[in-house]
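Enquirer: In our numbering, the protein residues as written are 1 to 168. The structure's right below; bear with me while I get my questions together.
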């Protein structure tokens, strides 16, 4: 005879969904957008004549983006147990990489020196707004994932320990 009692369903708070989706867009999809033209030009054997990814920090951002995607999926599911802290760490790491990647774009390229990256010609105000988002999104993720509803969501993934028994 099987146990027909289902475990109670865990509901993800709206704040967790907002935190995960905003971090996923900013730190996973945004860097991966630049990889698409590079991969497309590689598969079609065409040279675009421009570095789509944006140099060394662009490649670092792509690597971090892959980890952010994996951590976002795990954070969305709520398992494994330590995913909350790992996700907070990865979001702050991705924010730091994006910030370092955007610093050269604030200085316009000098004549005769080729620009690196595809968004180097965008106005500096774009990068100021992006820098503000780079600070606010990790701050929100850290704040919300440390609140009681998020801690309850992630602790529900742990097996319940029976604390009524004393091991004396």
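By construction, the Cβ of each residue, glycine as well, lies at the ideal position given by its N, Cα and C atoms. Computed from a prediction, not measured in an experiment: that's the story for all the values here.
If residue 23 and residue 68 are in contact, beta carbons under 8 Å, what's the gap, nearest whole angstrom?
Expert: Between residue 68 and residue 23 the Cβ distance is about 7 Å, and since that is below 8 Å, they are a contact.
Enquirer: Since residue 215 and residue 65 should fall inside the 8 Å C-beta cutoff, what is the C-beta to C-beta distance between them, to a whole number of angstroms?
Expert: An answer regarding residue 215 cannot be provided, because it is not within the stretch 1 to 168 covered by the chain.
Enquirer: Between the Cα of residue 71 and those of 40, 99, 91, spot the shortest distance and give me the residue it belongs to.
Expert: For the residues 40, 99, 91, the minimum Cα distance to residue 71 belongs to 91.
Enquirer: What three-state label does DSSP hand residue 134 in the structure shown?
Expert: Three-state result, residue 134: helix.
Enquirer: Compute the Euclidean distance between the alpha carbons of residue 140 and residue 129, then round it to the nearest angstrom.
Expert: In a straight line, the C-alpha of residue 140 is about 16 Å away from that of residue 129.
Enquirer: Grab the span of the alpha helix (DSSP H) containing residue 44 for me, first residue to last.
Expert: No alpha helix (DSSP H) holds residue 44; DSSP gives it neither H nor E.
Enquirer: Assign residue 40 to one of two classes, buried (16 or more other C-beta atoms within 10 Å of its C-beta) or exposed (fewer than that).
Expert: That one is exposed.
Enquirer: Use the C-beta contact count for residue 100: other C-beta atoms within 10 angstroms, 16 or more gives buried, fewer gives exposed.
Expert: Exposed, by the Cβ-count rule.
Enquirer: Quick check: what's the CA-CA separation for residue 45 versus residue 38?
Expert: Whole-angstrom Cα-Cα distance: 11 Å.
Enquirer: What's the call for residue 57, buried or exposed, on a 16-neighbour Cβ count within 10 Å?
Expert: So residue 57 counts as buried.
Enquirer: Just the C-alpha distance for residue 59 and residue 97, rounded to the nearest angstrom, thanks.
Expert: So the alpha carbons of these two residues sit roughly 10 Å apart.
Enquirer: If the criterion is Cβ atoms closer than 8 Å, does the pair residue 95 and residue 124 meet it?
Expert: Cβ distance not < 8 Å, so residue 95 and residue 124 don't count as in contact.
Enquirer: Beta carbon of residue 135, beta carbon of residue 78: below 8 Å?
Expert: No; because the gap between Cβ atoms is not below 8 Å, this pair is not in contact.
Enquirer: Can you tell me the Cα-Cα spacing of residue 155 and residue 127, whole angstroms?
Expert: Those two C-alpha atoms are separated by around 38 Å.
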